[in-house]
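Colleague:
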Amino acid sequence: MADPIRLLIVDDNEDILSTFSEFFNSMGYNVKTAVDGFVALKLLREKAHDFDCLITDLVMPNISGVGLISIVKKEYPDLKIIAMTGYGDQPGALASEARADVVLFKPVDLFKIEEKIIALLDVSNLKKHE
Amino acid sequence: MTTPLIGVSKSLLKIKELINHVANTCLNVLITGETGVGKEVVAQNLYEESPRTEHNFVKINCAALPETLLESELYGYEKGAFTGAHKKRPGKFQSAHKGVLFLDEIGDMPLSLQSKMLHVLQSGEFSPLGSDQDFKTDVWVIAATNHDLEKRIKQKQFREDLFYRLNIIKIDIPPLRERTEDIPLLVEYYFKLYKSEYPNNPGSKPDEDTMVRLCNYPWPGNVRQLQNCIKKQMVINSWDKVFDEMPAEDSHAIVPDISAHDSVKKGETRNLHPDFANDRISLISEFVDLSTSSEKLLQEISLKKIKKKASDRVEKEVITFVLEKVGWNRSRAAKILKVSYKTLLYKMSEFDINPPSK
Ligand SMILES: Nc1ncnc2c1ncn2[C@@H]1O[C@H](COP(=O)(O)OP(=O)(O)OP(=O)(O)O)[C@@H](O)[C@H]1O
Ligand SMILES: [Mg+2]
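Those protein sequence lines, which keep their order, are chains A and B.
Residues in the first sequence are numbered consecutively from 18, following our numbering.
Residues in the second sequence are numbered consecutively from 32, following our numbering.
1. What in chain A is Cβ-close to B:Gln192, meaning under 8 Å?
2. Compute every distance between the C-beta of B:Val254 and the non-hydrogen atoms of ligand 1, then say whether any falls below 7 Å.
3. Quick one, which of B:Asn198, B:Lys187 and B:Gln188 has its alpha-carbon nearest B:Ile62's?
4. Specify the secondary structure class of A:Gly109 as computed by DSSP and reduced to three states.
5. Looking at the unbroken alpha helix (DSSP H) that takes in B:Met379, where does it start and where does it end?
6. For the segment 46-59 of chain A, list every residue whose C-beta sits within 9 Å of some C-beta in chain B, in sequence order.
7. Nearest by alpha-carbon distance to B:Leu144: which of B:Lys129, B:Trp250, B:Asn247 and B:Leu160 is it?
8. Can you check DSSP and say which residues form a bridge with B:Arg390?
9. CB-CB under 7 Å to B:Cys93, same chain, minus the five flanking residues each way: which ones, in chain order?
10. Please determine whether the Cβ atom of B:Ala175 lies at a distance below 7 Å from any heavy atom of ligand 2.
11. Report back the beta-carbon spacing between B:Gly64 and B:Leu36 to the nearest angstrom; my notes put them in contact at under 8 Å.
12. Below 9 Å on C-beta distance, what does A:Pro78 contact in chain C?
13. Within 8 Å, do at least three Cβ pairs link the segment 348-355 of chain B to the segment 371-385 of chain B?
14. Indicate whether A:Gln107 and B:Tyr78 have their beta-carbon atoms separated by less than 8 Å.
15. Quick check: does the Cβ of B:Asp203 come within less than 7 Å of any heavy atom belonging to ligand 2?
16. Since B:Arg363 meets chain A, which of its residues come closer than 7 Å, beta carbon to beta carbon?
17. Where does the unbroken alpha helix (DSSP H) through B:Trp250 begin, and where does it stop?
18. Let me check you understand the geometry: is the CB of B:Gln164 closer than 7 Å to at least one non-hydrogen atom of ligand 1?
19. Is B:Glu71 near ligand 2, with its Cβ less than 7 Å from a heavy atom?
20. Using only the alpha-carbon positions, how far apart do B:Lys336 and B:Leu368 sit?
21. According to DSSP, is B:Ala127 helix, strand or coil?
22. Let me know if A:Ala115 comes out buried or exposed under the rule of 16 or more other beta-carbons within 10 Å of its beta-carbon.
23. Ignore the nearest five residues each way along the sequence and tell me which others in B:Glu109's own chain have a CB closer than 8 Å to its CB.
24. If we count the other Cβ atoms within 10 Å of its Cβ and call it buried at 16 or more, is B:Pro249 buried or exposed?
25. Where do the N-terminal and C-terminal ends of the beta strand (DSSP E) with A:Arg23 fall, by residue?
26. CB-CB under 8 Å to B:Ile46, same chain, minus the five flanking residues each way: which ones, in chain order?
27. Using a Cβ-Cβ cutoff of less than 8 Å, which residues in the same chain neighbour B:Cys428 once the five nearest sequence positions on both sides are dropped?
28. Looking at B:Leu149: is its Cβ nearer than 8 Å to the Cβ of B:Asp179?
29. From this set, B:Asp238, B:Asp169, B:Thr99 and B:Lys373, which residue's C-alpha is nearest B:Leu142's C-alpha?
30. Under 8 Å, Cβ to Cβ, is there at least one residue of chain A near B:Val353?
31. What are the residues that DSSP puts in a beta bridge with A:Lys49?
32. Is the beta carbon of B:Ile261 closer than 8 Å to that of B:Tyr229?
33. Please determine if the segment 90-107 of chain A and the segment 64-82 of chain A are in contact, where contact requires at least 3 C-beta pairs separated by less than 8 Å.
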């Protein structure tokens, strides 16, 4: 079997984090979590883990999701990004501007996120093999 | 010279680490915290650790200037753009090119300028007043405020879209009273600094007891207030005197409690109406009989009389509050209130304050 897909999930709401984490674990993903963009950035910069896809909330303390997305796009351009927001349109628009691959509005359906992950990673795999 | 960020508290160490991680990103930063906590120091440290130090750190205080002046300061103007514009003048956006633009007190920026600022941040372009040319900006925008911007958004005084655009990286500096571990280091640092500036000043470092007192004081003016105390001490060389002249040590503990406490419990006249007009009337009604004819009412109103009544009323409440807090230990209450024991006894009898009968 192929290696499991590695996800980094970022949200300042612990309930959401654990729900997501349980769900994706049960679906066979390899999951790490972070409570804000700063914790996530440190995880990425420590280089201890590699990730295939970042799923991030937008409005968070320290480094917001929008900030995290901008940094990740520059420093880890291969990492796919799914942004989720529950705060009206503005953060979502900023996330698109920061070139998140997908922007979803909360509440989001976990199965739908899974679909998006598959779609994003398949596309990139195809490109790699071309 | 940039002031180093002195401190070892968890929150300060985290701020330093955050600065370290974002100083090369050029993402908009919003720094929040009470007055004197060090927002400007954090902004300078961000600049200092960024790759932009070859260029300027430009500060503009958005609260200090009237609207039109603030606008021309920010964006500059062409000759003849308005009466008095005798020659062209570059704005802060130009002086900060490739450097840092520090928007201090952003929460006080007038709404009309907020829209323009939003537009500039969105498009990355601005044009000086009276010019039809667009300039590309490459500035790192760092904003600071001691307002609760979320609250100002609800009050329609701050644009939500501008808030989100600035709030990409948020650095919140807690008040000094929530990170007392930093106080001894700050005292040490500034004591040395002022001593080196004025070697002949008599001031002495605080002993252990004084340090405890310094750490227990709530510091409403935060680090700036602490600096002022150290400076004062160096001149008068008496920590006791410095403490005597500080605003009440317990002000923080007492003020927030008192409204919840007394007006409800005592069931007195004060009704806390949600809107100000009613609030004002209900407040005045405590001291003036508003039910009399308006002519009589105007005769009744005398600022002097009302002042006396109002201050008596507040004094009574505060004294009762403190006495309750200390279990009716009158000498402790007198100490906290900073009046003599005799004065306290006198006031208790004047205002008819009695311990609850068991
Ligand atoms: N952690 C710190 N280490 C050393 N000095 C500090 C620190 N924090 C604040 N100061 C000093 O305290 C003073 C006040 O700080 P600063 O001007 O940065 O506060 P501020 O948050 O911008 O206040 P305001 O809201 O009133 O503008 C300055 O002289 C600054 O150098
Ligand atoms: Mg300041």
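A virtual CB, placed ideally from N, CA and C, is assigned to each residue, including glycine.
The structure displayed is predicted, hence computed values, not measured ones.
Modeller: So, to answer that:
1. It should be pointed out that residue 192 of chain B corresponds to Asp in this sequence rather than to Gln. What B:Asp192 touches in chain A: Gln107.
2. Yes, the Cβ of B:Val254 comes within 7 Å of a heavy atom of ligand 1.
3. Closest option to B:Ile62, judged by alpha-carbon separation, among B:Asn198, B:Lys187 and B:Gln188: B:Asn198.
4. Annotated three-state conformation of A:Gly109 is helix, per DSSP.
5. Per DSSP, the unbroken alpha helix (DSSP H) holding B:Met379 starts and ends at Tyr372 to Glu381.
6. Along the segment 46-59 of chain A, the positions whose C-beta sits under 9 Å from a C-beta of chain B are Gly54, Phe55, Leu58 and Lys59, read in chain order.
7. Just measuring C-alpha positions, the residue of B:Lys129, B:Trp250, B:Asn247 and B:Leu160 sitting nearest B:Leu144 is B:Leu160.
8. The question about residue 390 of chain B has no answer here: the residues shown for chain B are numbered 32 through 389.
9. Within its own chain, the residues whose Cβ lies closer than 7 Å to the Cβ of B:Cys93, once the five positions on either side in sequence are excluded, are Leu101, Leu134, Asp135, Glu136, Ile137, Asp139 and Met140, listed in chain order.
10. Ligand 2 approaches B:Ala175 closely enough that one of its heavy atoms is under 7 Å from the residue's Cβ.
11. In fact, because the Cβ distance is near 13 Å, the residues do not count as touching under 8 Å.
12. Looking for chain C here will not work: the only protein chains present are A and B.
13. Three or more Cβ pairs closer than 8 Å define a contact, and the segment 371-385 of chain B meets that threshold against the segment 348-355 of chain B.
14. Judged by beta-carbon spacing, B:Tyr78 lies beyond the 8 Å limit of A:Gln107, meaning their Cβ atoms are not closer than that value.
15. Not so, every heavy atom of ligand 2 lies at least 7 Å from the Cβ.
16. Going along chain A, no residue has its Cβ under 7 Å from B:Arg363, so there is no contact; the nearest lies around 40 Å.
17. Looking at the DSSP string, B:Trp250 is not in any alpha helix (DSSP H), and its letter there is neither H nor E.
18. Within 7 Å of the C-beta of B:Gln164 there is not a single heavy atom belonging to ligand 1.
19. In this structure, B:Glu71 has its CB closer than 7 Å to one or more heavy atoms of ligand 2.
20. Here the C-alpha atom of B:Lys336 lies approximately 24 Å from the C-alpha atom of B:Leu368.
21. Residue state for B:Ala127 is assigned as coil, using DSSP reduced to three classes.
22. Buried, because 16 or more other Cβ atoms sit within 10 Å of the Cβ of A:Ala115.
23. Cβ neighbours of B:Glu109 beyond the five flanking positions: Ala116, Lys119, Pro159, Leu160, Gly161 and Ser162.
24. By the neighbour-count criterion, in which 16 or more other beta carbons inside 10 Å mark a residue as buried, B:Pro249 falls on the buried side.
25. Element bounds for A:Arg23: Arg23 to Val27.
26. Leu36, Val73, Ile202 and Ile204, listed in sequence order.
27. An answer regarding residue 428 of chain B cannot be provided, because it is not within the stretch 32 to 389 covered by chain B.
28. Not closer than 8 Å, so no.
29. Checking every option, the nearest Cα to that of B:Leu142 belongs to B:Thr99.
30. With 8 Å as the cut-off, B:Val353 does not count as an interface residue toward chain A.
31. A:Lys49 is bridged by DSSP to A:Leu25.
32. No, they are not a contact pair.
33. Counting C-beta pairs with one atom in each stretch, the segment 90-107 of chain A and the segment 64-82 of chain A have three or more that are closer than 8 Å, which means they touch.
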